[in-house]
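Participant: Could you have a look at this structure, given as C-alpha cells, before my questions?
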Amino acid sequence: MSPLSIRLAVVDDHILFRKGLRALISGFAGMEVLFEAGDGQELLERLDQGVIPDVILMDLQMPVLDGLQTVRLLRTQYPQVRSIIISMHDEPELIDSLRSEGAHGYLLKNASPEEVLGAIRQVMTTVPLGA
1216 MSPLSIRLAV VDDHILFRKG LRALISGFAG MEVLFEAGDG QELLERLDQG VIPDVILMDL
1276 QMPVLDGLQT VRLLRTQYPQ VRSIIISMHD EPELIDSLRS EGAHGYLLKN ASPEEVLGAI
1336 RQVMTTVPLG A
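Numbering (the numbering used here), first residue to last: 1216 to 1346.
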C-alpha cells in the first residue's frame, strides 16, 4: 500500500455510532476520515462538492436515501469510490444482493476493530467496478 493515507467517509443516521466509528478509524495508521454524513443524500451532496473519499463506510438502513439506494447511485456516479455496508443483518441473500448492486464490502455492526480495519484494507486491494 502506498504511503498516502486512505481517505474515508462515515455515513450513518445514528450520531453516536458515526462518531464512534470515526474515532476508531482515526486511530488506525494511514487512515483519515474526511467527513461524516447522516444519510445517502447528504453523502452525495458532499461528493458533488468535490470531496471524494477512497472508501465509504455506510449504514444500510437510513432515512431519505438508504444504503442500497446510495450504493446504486455511487456505482454509476462515482465508480472509483469503494463502499462498505454496515448493518445488523447478516442474511447471505442480503449480502449477495448488496454486492451485486455494487457494494465492495459488508460488515456487521458488532464487528471488531480488527474486522473493520481488515475490511477497509481488503476493499482497497480490489479493483473498483468500472475501472
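For each residue, glycine too, the CB sits at the ideal point set by N, CA and C. Just so you know, these numbers come straight off a predicted model, no measurement behind them.
For Glu1170, write down the residues that DSSP places opposite it in a beta bridge.
Facilitator: Outside the modelled stretch of the chain, which goes from 1216 to 1346, sits residue 1170, for which no answer is possible.
Participant: What is the DSSP secondary structure of Ser1327, counted as helix, strand or coil?
Facilitator: coil
Participant: Let me know if Thr1340 comes out buried or exposed under the rule of 16 or more other beta-carbons within 10 Å of its beta-carbon.
Facilitator: Classification of Thr1340: exposed, given that the 10 Å Cβ count is below 16.
Participant: Locate the beta strand (DSSP E) running through Val1270, then write down its first and last residues.
Facilitator: Val1270 to Asp1274
Participant: Return yes when the Cβ of Gly1282 is within less than 9 Å of the Cβ of Asp1274, no when it is not.
Facilitator: Going by C-beta atoms, Asp1274 is nearer than 9 Å to Gly1282.
Participant: Determine, using beta-carbon pairs with one atom in the stretch 1238 to 1258 and one in the stretch 1327 to 1339, whether at least three such pairs fall under 8 Å.
Facilitator: Output reads yes: the stretch 1327 to 1339 touches the stretch 1238 to 1258.
Participant: Going along the chain, which residues of its own chain have a beta-carbon closer than 8 Å to the beta-carbon of Arg1297, five neighbours each way excluded?
Facilitator: Asp1269, Val1270, Ile1271, His1319, Gly1320, Val1338, Met1339, Thr1341 and Pro1343
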